[in-house]
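Right, one structure below, let's go through it.
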Amino acid sequence: MIRLYQFPPGFGLPNASPFCMKIETWLRLAGLPYETDNRGLVMRAPKGKLPFIEDDGTRIADSGFIIEHLVRTHGVDPDAGLSDAQRATSLAFTRLLEEHLYWAVVHTRWFEPEGWRRTRETFFGAMPLPMRLLVPALARRGLRRQLMGHGMGRHSRDEMMALGCRDIDAVADQLGDKPWFHGDRPSTIDATLHAFLANLLWVPIDSPIKAHAAAKPNLTPYCQRVHTHCFGTPPPA
Ligand SMILES: N[C@@H](CCC(=O)N[C@@H](CS)C(=O)NCC(=O)O)C(=O)O
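To convert, take the position in the sequence shown, counting from 1, and add 1390; that gives our numbering.
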């Protein structure tokens, strides 16, 4: 049985980490049975980040490598019918979401007062004292370093929001009125896009990026469609 190690569910979503939610969405899309360990065991993660999986005695970290492993070993491939050009587009948008938009959203969650209040409560609120005081401060310090190392954190707040909004424009324009990212059938990029959009649209942290995404007529219906398809329950309000 595949075991998915991830953070606990949060903000009313299957996961408050878009990378963890991407894998759970993908497993459902691919129809693979799995179990979850939601204890947020970052310390046991081979690369110090979640998600990672255990599958038949092997540990694999990083959502991209996890999917490659599962495709290779379980005989399922939601991308089997895609053309080379569609695969290239999937890769480019995956990078946009994971390596760029993600960091602008990290800023809104961890470094804006309202975002930080909600993030601290959701991620650390259940911890006993004194960990509840120490761990959030340490985690925040680590995130600040990562945001600066990436480069996003060196922009002004307005610049970060503008950059995130441009990513949303590209996603909305590329999706258009198609039911799935590549047309009539779901593929891996739908798991990724859904996880990142849900973690923006359905998280109670306001930002210009969230407002920009919510104003796109196609993004919320898309998110609801993928959520219903994969999780079989009505999406969060
Ligand atoms: N490239 C990794 C990124 C995973 C990632 O950034 N996970 C974050 C949560 S969204 C994490 O575990 N952060 C813990 C930390 O930075 O200490 C993937 O695709 O899985």
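Note that CB positions come from ideal geometry on N, CA and C, so glycine has one too.
DSSP state of residue i, grouped into three classes?
| i | result |
| --- | --- |
| A1435 | coil |
| M1502 | According to the sequence displayed, residue 1502 carries Glu and not Met. Of the three classes helix, strand and coil, the one that applies to E1502 here is coil, per DSSP. |
| G1402 | coil |
| L1394 | strand |
| D1580 | helix |
| G1573 | strand |
Where does residue i land, buried or exposed, given buried means 16+ other C-beta within 10 angstroms?
| i | result |
| --- | --- |
| T1578 | buried |
| T1512 | buried |
| T1463 | exposed |
| A1603 | buried |
| P1576 | buried |
Got a sec, what are the start and stop residues for the beta strand (DSSP E) residue i sits in?
| i | result |
| --- | --- |
| T1448 | 1448-1451 |
| F1442 | 1442-1445 |
| T1415 | Here T1415 belongs to no beta strand (DSSP E); instead the alpha helix (DSSP H) covers 1408-1420. |
| L1486 | That residue, L1486, is in no beta strand (DSSP E); its alpha helix (DSSP H) goes 1474-1486. |
| T1610 | No beta strand (DSSP E) holds T1610; the alpha helix (DSSP H) holding it covers 1609-1621. |
| E1425 | 1424-1427 |
Considering Cα atoms alone, identify which of the options is closest to residue i.
| i | options | result |
| --- | --- | --- |
| L1422 | P1468, C1410, L1440 | P1468 |
| R1547 | D1580, H1459, I1599 | I1599 |
| E1425 | Y1395, P1441, L1431 | Y1395 |
| I1595 | R1544, V1616, E1502 | E1502 |
| D1563 | D1446, F1483, F1442 | F1483 |
| F1492 | M1550, P1399, G1430, I1413 | First, the amino acid is wrong: residue 1492 is Tyr here, not Phe. If we check each option's Cα against that of Y1492, M1550 comes out closest. |
| G1454 | A1581, H1572, R1575 | A1581 |
| G1573 | N1428, S1473, M1411 | S1473 |
| A1494 | M1542, P1408, R1418 | M1542 |
| R1508 | V1496, A1552, G1532 | V1496 |
Along the alpha helix (DSSP H) that carries residue i, what are the first and last residues, could you check?
| i | result |
| --- | --- |
| E1549 | 1547-1565 |
| A1604 | 1598-1604 |
Given 8 Å, three or more beta-carbon pairs between the segment 1514-1525 and the segment 1478-1495: Contact check between the segment 1514-1525 and the segment 1478-1495: fewer than three CB pairs, one atom from each, fall below 8 Å, which does not count as touching.
Given 8 Å, three or more beta-carbon pairs between the segment 1544-1558 and the segment 1482-1494: yes
Contact between the segment 1404-1412 and the segment 1580-1589 (3+ Cβ pairs under 8 Å): yes
Meets three-Cβ-pair contact criterion under 8 Å: the segment 1524-1540 and the segment 1609-1624: no
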